[in-house]
Amino acid sequence: MDETRPKQRSTPHGAGPRPEARLALERAGGYGELYDAVLVSCRQIAGSDFVDCALGLVDPEDPEFFYPLRRGLPMRPPMKEPRSGESNILALGLASDEPLVLFDRAVEARPIGQARTANQQGQSQPPPWITAPLRRKKEKIGVLAVRVHTWGATGAPPYIRSIERLAEEIAWSAANCHQHEQREQTLNDYHDIFRVAAHLQSIRDPGELLAEACDALIRSFGFDRAAILLLDDPDGARELRWAASRGFEEPAVPTGQTIPLDGALAAALADNATRLIRSPREEHDAPEFMRAREQCCRAAILPLCPKNRPLGVICADHRFDHGQLNRRRVATLALFANQVALAIENARLYSRIETLARTDSLTSIYNRHYFDEALERETARVRRYGQQLCLMMVDLCDFKRFNDRFGHLTGDEMLRRVARLLRETVRASDIVCRFGGDEFVVLMPNTGLSQAEWVRARIEAAIEEANRAAASCDEHIRLSIGLRSAERQSPENLLAEADSAMYINKARQTRQGLARLLTSGPWGEVERADPFIGNTLRVLNDKDATYLDHARRVMDWSRQIATRLGRPPLEIEDICLGALLHDVGKVAFDRELLQRPSTLTPSEYRLIQTHAAFGADLIGVVAHLQPIVPIIRHHHERYDGRVRGQFPGYPDGLRGEDIPFGARVVKAADCFDCLTSERPYHAAQSRDEAIAVIRHEAGRSFDPQISAALLELLEECAEDATV
7 MDETRPKQRS
17 TPHGAGPRPE
27 ARLALERAGG
37 YGELYDAVLV
47 SCRQIAGSDF
57 VDCALGLVDP
67 EDPEFFYPLR
77 RGLPMRPPMK
87 EPRSGESNIL
97 ALGLASDEPL
107 VLFDRAVEAR
117 PIGQARTANQ
127 QGQSQPPPWI
137 TAPLRRKKEK
147 IGVLAVRVHT
157 WGATGAPPYI
167 RSIERLAEEI
177 AWSAANCHQH
187 EQREQTLNDY
197 HDIFRVAAHL
207 QSIRDPGELL
217 AEACDALIRS
227 FGFDRAAILL
237 LDDPDGAREL
247 RWAASRGFEE
257 PAVPTGQTIP
267 LDGALAAALA
277 DNATRLIRSP
287 REEHDAPEFM
297 RAREQCCRAA
307 ILPLCPKNRP
317 LGVICADHRF
327 DHGQLNRRRV
337 ATLALFANQV
347 ALAIENARLY
357 SRIETLARTD
367 SLTSIYNRHY
377 FDEALERETA
387 RVRRYGQQLC
397 LMMVDLCDFK
407 RFNDRFGHLT
417 GDEMLRRVAR
427 LLRETVRASD
437 IVCRFGGDEF
447 VVLMPNTGLS
457 QAEWVRARIE
467 AAIEEANRAA
477 ASCDEHIRLS
487 IGLRSAERQS
497 PENLLAEADS
507 AMYINKARQT
517 RQGLARLLTS
527 GPWGEVERAD
537 PFIGNTLRVL
547 NDKDATYLDH
557 ARRVMDWSRQ
567 IATRLGRPPL
577 EIEDICLGAL
587 LHDVGKVAFD
597 RELLQRPSTL
607 TPSEYRLIQT
617 HAAFGADLIG
627 VVAHLQPIVP
637 IIRHHHERYD
647 GRVRGQFPGY
657 PDGLRGEDIP
667 FGARVVKAAD
677 CFDCLTSERP
687 YHAAQSRDEA
697 IAVIRHEAGR
707 SFDPQISAAL
717 LELLEECAED
727 ATV
């Protein structure tokens, strides 16, 4: 503090404040205006003796603290100090009920009447302070301290009484200033709260929201530590989960861990009231992390109970007590806690709505909307960074028939089983979604085709395991999977390509299942699996009882020939199904024509020749049987292309390699079985006779390579029979 004599106009000792100074005191609207008016009045009273002045105003809401008003200290907001400070001029003045004279040296404090003059002290003294208590309705509400240059030679200076009267006037103005300041601080607090609340309401991430709430407590309310603890089960929880904290050198409890809900924490929640703890280290029911702090003067526990629904608590404390927690601040903190609780509820509600918006309600996996967003996001990364991306389309085969047979409730359970199997089988980075109906998708970011094939193999293995554990075949899961990898140039086509691959795979699986049933299954199962094919073959078998056995033998020879020639497994499967259905076009003819023992007329023979084209047209209406249509249509073409004379090729006169490979295989197998089988219109030939025909017709009716493979198979069969 500047102790030099200020340069000011000399004023006679003992002159009181002028009327305009008194008016300024009466009209003071805050601590700053009050201090300015007091400063002017003190200068007018002490005149040239004046050095400095200060005010100490007791906080009416927390009398243990006071507001020091003096030059060099902030007035808005004013800082509070404890009244217990023994070396503080204002604190000493507040501790006395009568005016004092205080000398800085050794902080000597004497009542005005007992203070000696400077000459009597026998030594040089610095300018003393004169204090006068401020009273309103006999209640001490503060102290006025005036510093003067000299102490009167004969004792107290002549303006002592003026200072005391000024103190009385200040007391009345101070009360008004208190109310004004409290209103201003309350408005500022409310402004801060609503500003923070608006910000919190805009935060959707719960973790970010809780961290920001802790920051706001420290920033706006002067705490130096804050933590939020939440109930996981509001109805019966006895523990609080440590959700967020700020200001801790090390978290008292690791985030996500729990502490018991007891003591002051339980009381605050039960009463839905803010709990103030003045000395946490001395309070046995204070939380352990508060009691463990070496320096902790005051703490607050704020319940989070929107609409009386407990969510958790906010815990905050101060290392040093500056009187921040008073009755007004407690009410403000309660409002802040309520805003935080509402923000938490809103964030949780938003999270639930967001989850519902992107989650399929039946299977609890992501829905089509989320998949579209994820696909757009990942394809953008493919285009920008060249990352790998694979997409798997999964279809539940024959689900409509399953629904019709067992009902929609059982069908829903099947969908849930498939969703659960996919979610548990794929990797954590993969995104499983329900695409719609009985279709699912698995999006695999940053995944190459080989890795995706491994995932598909895991899914197929899991399906086999689930089917083995099923109580009956009705519970078996049959999935069709299409897999595609995005190229950097065309990620947009990924979905269409995967969908196409899935349908190709589905058709193949359907053909496989149909072939198995036609090979060995009962008619009822054939008709249930494919009513169109089942009914067609039933009619054909009624007209020609030998057809199904004949078709099965043709299929067996066709499989062996194709395998001997090293054809791919998928092609062999199609050849086998084509062999089973090669003469399906004969369903259009009468039984009498098919079973006639006598020779057919030329017109009847031409009619019989139409069965290949008719069968192809008949099967062509079934989408999943498209790959075998060429086999059915061309299995009577000749390798040499001859279309006239005995045993001509039909219906299109193809030759050589133009004839589909599967049709060439079925032609050879069909011919051999017809030669060696008893028919109404011819007797069965011996194996050797049939072999001679096959050998002779190689390069004529039959593909030489296929004829050679069939002859090798027949020779091996003969050797096995001999052995």
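Sequence positions in the sequence shown follow this note's numbering and run 7 to 729.
Beta carbons are placed, not taken as given, at the ideal position from N, Cα and C, and that holds for glycine.
Given the structure is predicted, the values throughout are model-derived calculations rather than measurements.
Quiz item: Between the C-alpha atoms of ILE539 and ILE625, what's the straight-line distance to the nearest angstrom?
Solution: 8 angstroms
Quiz item: In the DSSP assignment, what residue or residues form a beta bridge with GLY62?
Solution: PRO74 and VAL149
Quiz item: Would you call TYR391 buried or exposed, if buried means 16 or more other Cβ atoms sit within 10 Å of its Cβ?
Solution: exposed
Self-check item: Member of PRO132, VAL560 and GLU104 whose CA lies at the smallest distance from the CA of GLY148
Solution: GLU104
Quiz item: In three-state DSSP terms, what is TYR41?
Solution: helix
Quiz item: Count the other CB atoms within 10 Å of the CB of SER609; is the residue buried (16 or more) or exposed (fewer)?
Solution: exposed
Exercise. Would you tell me roughly how many angstroms separate the C-alpha atoms of GLU379 and SER564, rounded to the nearest one?
Key: Their Cα atoms are separated by approximately 49 angstroms.
Quiz item: Any idea what DSSP makes of THR569, helix, strand or coil?
Solution: helix
Quiz item: Looking only at its own chain, which residues have a Cβ that is under 8 angstroms from the Cβ of ALA714, when we skip the five neighbours before and after it?
Solution: The residues are ALA704.
Quiz prompt | Secondary structure, beta strand (DSSP E): runs of 3+ residues fully inside the region 416-458 | solution = 437-442 and 445-451
Quiz item: What are the start and end residues of the alpha helix (DSSP H) that includes THR361?
Solution: 333-364
Self-check item: Endpoints, the alpha helix (DSSP H) within which PRO608 is located
Solution: 608-615
Quiz item: Can you find at least 3 beta carbon pairs, one from the region 596-606 and one from the region 581-588, that sit closer than 8 angstroms?
Solution: no
Quiz prompt | Anticipated Cβ contact below 8 angstroms, ARG661 with ASP646, distance rounded | solution = 6 angstroms
Quiz prompt | Residues of its chain near GLY20, where Cβ-Cβ distance is below 6 angstroms and the 5 sequence neighbours each way are ignored | solution = Residue placement at GLY20 cannot be trusted, given a pLDDT of 47 that sits under 50; what the coordinates show is reported in the next sentence. Once the five neighbours on either side are set aside, the close Cβ partners of GLY20 are PRO164 and TYR165.
Exercise. Tell me the start and end of each unbroken alpha helix (DSSP H) in the region 245-281 that is at least 4 residues and wholly inside, in chain order.
Key: 269-277
Exercise. Could you please give me the residues that DSSP links to THR137 through a beta bridge?
Key: LEU106 and ALA151
Quiz item: Who are the near neighbours of ALA347 in its chain, counting only those whose CB is closer than 6 angstroms to its CB and skipping five residues on each side?
Solution: Residues of the same chain with a CB within less than 6 angstroms of the CB of ALA347, apart from the 5 flanking positions on each side, are LEU310, PRO312 and LEU317 in chain order.
Exercise. Could you tell me which of GLN394, GLN263 and GLN615 sits nearest to LEU600, measuring between CA atoms?
Key: GLN615
Quiz item: According to the neighbour-count rule (16 or more other Cβ atoms, all chains shown, within 10 Å of its Cβ), is CYS321 buried or exposed?
Solution: buried
Self-check item: Contact set for TYR372: own chain, Cβ-Cβ below 8 angstroms, skip 5 residues either direction
Solution: Closer than 8 angstroms at Cβ, skipping near neighbours: ARG364, THR365, ASP366, ALA380, ILE437, VAL438, CYS439 and ARG440.
Self-check item: Residue range of the beta strand (DSSP E) that includes MET399
Solution: 395-402
Quiz item: If you draw a straight line from the C-alpha of ALA173 to the C-alpha of ALA349, how long is it?
Solution: 49 angstroms
Quiz item: Is there contact here, the region 55-64 with the region 202-213, by at least three beta-carbon pairs under 8 angstroms?
Solution: no
Quiz item: Which residue comes first and which comes last in the alpha helix (DSSP H) that contains PRO575?
Solution: 575-586
Quiz item: In or out: ILE359 buried (at least 16 other Cβ within 10 Å) or exposed?
Solution: The residue is exposed, with fewer than 16 neighbouring Cβ atoms inside 10 Å.
Quiz item: Can the beta-carbon of ALA504 be found closer than 8 angstroms to that of LEU485?
Solution: no
Quiz item: Rounded to whole angstroms, how far is the Cβ of LEU716 from the Cβ of ALA674, which I believe are closer than 8 angstroms?
Solution: 5 angstroms
Quiz prompt | Residues that DSSP places opposite ASP55 in a beta bridge | solution = Looking at the DSSP assignment, ASP55 forms no beta bridge with any residue, so it has no partner.
Quiz item: Does DSSP classify GLN495 as helix, strand or coil?
Solution: With a pLDDT of only 46 at GLN495, under the threshold of 50, the placement of this residue in the model should not be trusted, and no figure is reported.
Exercise. Put GLY488 into one of helix, strand or coil per three-state DSSP.
Key: GLY488 sits in a strand when the DSSP states are folded into three classes.
Self-check item: GLY659 versus ARG597, ASN452, ALA619 and ILE712, residue with shortest Cα-Cα distance
Solution: ALA619
Quiz item: In terms of alpha-carbon separation, which member of ASN473, HIS588 and ARG701 lies closest to MET420?
Solution: ASN473
Quiz item: What residues are listed by DSSP as bridge partners for TYR372?
Solution: THR365 and CYS439
Quiz item: Roughly how many angstroms lie between the CA atoms of HIS482 and GLU466, to the nearest whole one?
Solution: 12 angstroms
Exercise. Report the rounded CA-to-CA distance for ALA476 versus ILE234, giving the unit in angstroms.
Key: Using only the alpha carbons, I get a separation of about 49 angstroms.
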